[in-house]
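Comments concern the structure below.
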Amino acid sequence: MDITSIIQAFKIEGNFIASEIINSGYINNTYKIITSDESYILQRINNHIFKDVDKLSENIDRITTHIQSKTSKEKQGKVLIIIPTKGGNKYYKNNDGSFWRMFNYIHDSKTIETLNNEKQAESLGRAFGNYHKVLSDLPMPKLFDVLPDFHNTPKRIEQLKKAINQNNKHIRVKDQVDYLLSLASEMHEIITLGNQQKIPLRTIHQDAKVGNILFNQNDEIICIIDLDTTMSGYLAYDFGDAVRTGMNSASEGEQNISKVSLEMDLFKAFTKGYALVSKKFITPEEVKSLMLGVKIITYEQALRFLTDYLNNNVYYKIEYQEHNLVRTKVQIALLKDIIENFKKMNDFVITSYR
Ligand code: GN1
Ligand code: MG
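Per our numbering, the very first residue in the sequence shown carries number 963; after that it's consecutive.
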């Protein structure tokens, strides 16, 4: 793939000097592009997953424009903006059928896989609170539903069952399959609350993992990235995903399962940060649903990794054959810890909103 010709399709400043692969994210391919005047982020969009690149790009344009319009002058340059093609498009389709897009590069930023201190955890909470707040008045119409049923846990359970029936690979992972299916009946709760209209649909990120956050060197948050899945959903999903990734003492691919546990102090700091911002708009029913999000999103992620393992790794990028199985085991260990501490964590959430 000749990346230099792709770069030339975009409205960039300066002459191309170098490109570096950024190895984070399991879906799109990401590069840092350095020119004589500037740096940029170039991404190859995974169009097997995001099938309607037009509508995806329109969503991201609307989200980034809205966020930018609410950002003070001093902070411009610290939020994501789309760099259009020379023809003014939001993405570029190469003649080999691949899809590309470009963003500004945010300087002096870093991503973190697992949080190291309470200051980071509190900022993470505030960042998602703010994301929800800022997007609450995104002008109509509703964002396009890029991945329908993305966090529909009952449907994810059906997908696992389908994958089990496809081959004999499941025999090797009987323990994991049995454990996850034994919990299936208690994982419908958020969808049910939503269907009963007890909790409202809002615009949320839907991939609120800590790796999708840019921090500065002082552990403060600059902005949230990876906006592909931002669409209608329930607050509990983002709350849950942030806890699932940020408050796990191990990373998603940890092979030593004994290292996996939920960091209670970080959880408390995160919850304080989220409550501080969300107090102004969250409903009492939503507050009660937040911990369900932690449990259900962790469960769902275990299902998704295991399903992909059984389907021979067609969805997530992997570095070795058993990678999705290792990831499943990490999520299961974390889930067990969450279930054990559920009441304590839930009490803390409820008290934080008093
Ligand atoms: C994927 O693209 P990335 O790595 O930020 C996935 C999320 C999962 C996550 C697991 C579109 O996110 O839903 O939670 O991996 N994104 C999509 O780490 O499926
Ligand atoms: Mg990402």
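Heads up, the beta-carbon is just placed ideally off N, CA and C, and yes, glycines get one too.
It should be emphasised that the depicted structure is a prediction, and the values quoted were computed from it without experimental measurement.
- Counting other Cβ atoms within 10 Å of its Cβ, A1231 reaches 16 or more and is therefore classed as buried.
- Approximately 7 Å separates the beta-carbon atoms of L1086 and G1235; this is inside 8 Å, confirming the contact.
- About 11 Å separates the beta carbon of L1189 from that of I1166, a gap too long to meet the 8 Å contact definition.
- At least one heavy atom of ligand 1 sits closer than 7 Å to the Cβ of I989.
- For K1081, the uninterrupted alpha helix (DSSP H) segment begins and ends at E1080 to L1097.
- It is roughly 14 Å from the alpha-carbon of D1107 to the alpha-carbon of I1025.
- Collapsing the DSSP output to three states places N1180 in coil.
- The DSSP assignment places 1164-1166 and 1175-1177 as complete runs of the beta strand (DSSP E) inside the region 1111-1178, in order along the chain (cut-off: 3 residues).
- Burial of Y993 is indicated by the presence of at least 16 other C-beta atoms within 10 angstroms of its C-beta.
- The continuous alpha helix (DSSP H) containing S967 extends over residues I965 to I969.
- Proximity of the region 1201-1214 to the region 1249-1262 meets the contact definition, three or more beta-carbon pairs being nearer than 8 Å.
- In this structure, ligand 1 has a non-hydrogen atom nearer than 7 Å to the beta-carbon of Q1263.
- Residue burial is scored here from C-beta neighbours: M1064 has at least 16 other C-beta atoms within 10 angstroms and is therefore classed as buried.
- Following the DSSP letters along the chain, one finds Y1199 inside the alpha helix (DSSP H) bounded by residues L1197 to G1208.
- With fewer than 16 other beta carbons inside 10 angstroms of its own, S967 counts as exposed.
- The beta-bridge partner set that DSSP reports for I1187 is empty.
- Counting the other CB atoms within 10 Å of its CB gives I1161 a total of 16 or more, which places it among the buried residues.
- The beta carbon of N1114 sits no closer than 7 Å to any heavy atom of ligand 1.
- Between the alpha carbons of N1275 and I1153 lies a gap of roughly 27 Å.
- Counting the other CB atoms within 10 Å of its CB gives Y1282 a total below 16, which places it among the exposed residues.
- Sorting D1270, A1295 and L1297 by C-alpha distance to the C-alpha of E1284 places D1270 at the top.
- At least one heavy atom of ligand 1 sits closer than 7 Å to the Cβ of E1214.
- DSSP places A980 inside the beta strand (DSSP E), whose first and last residues are F978 to I984.
- For R1006, the pairing in a beta bridge is given by DSSP as N991 and W1062.
- DSSP places L1268 within a helical segment (H, G or I) once states are collapsed to three.
- E1036 counts as exposed, since fewer than 16 other beta carbons sit within 10 angstroms of its beta carbon.
- Considering only K973, N990, I1003 and I989, the residue with the shortest C-alpha distance to A980 is I1003.
- Around the Cβ of S1144, a 10 Å sphere holds fewer than 16 other Cβ atoms; the residue is exposed.
- Going by DSSP, T1073 is part of no alpha helix (DSSP H) at all; its letter is neither H nor E.
- At a Cβ-Cβ threshold of 8 Å, L1265 and L1109 do not count as neighbours.
- In this structure, I1186 places its C-beta atom within 8 Å of the C-beta atom of A1089.
- Going by DSSP, K1017 is part of the alpha helix (DSSP H) stretching over V1015 to S1031.
- Judged by beta-carbon spacing, K1241 lies within the 8 Å limit of Y1315, meaning their Cβ atoms are closer than that value.
- The nearest non-hydrogen atom of ligand 1 is 7 Å or more from the C-beta of D1309.
- Burial is judged here by how many other beta carbons sit within 10 angstroms of a residue's own beta carbon; G1091 has at least 16 and is buried.
- Taking 8 Å as the cut-off, the beta carbon of M1193 is found closer than this to the beta carbon of L1105.
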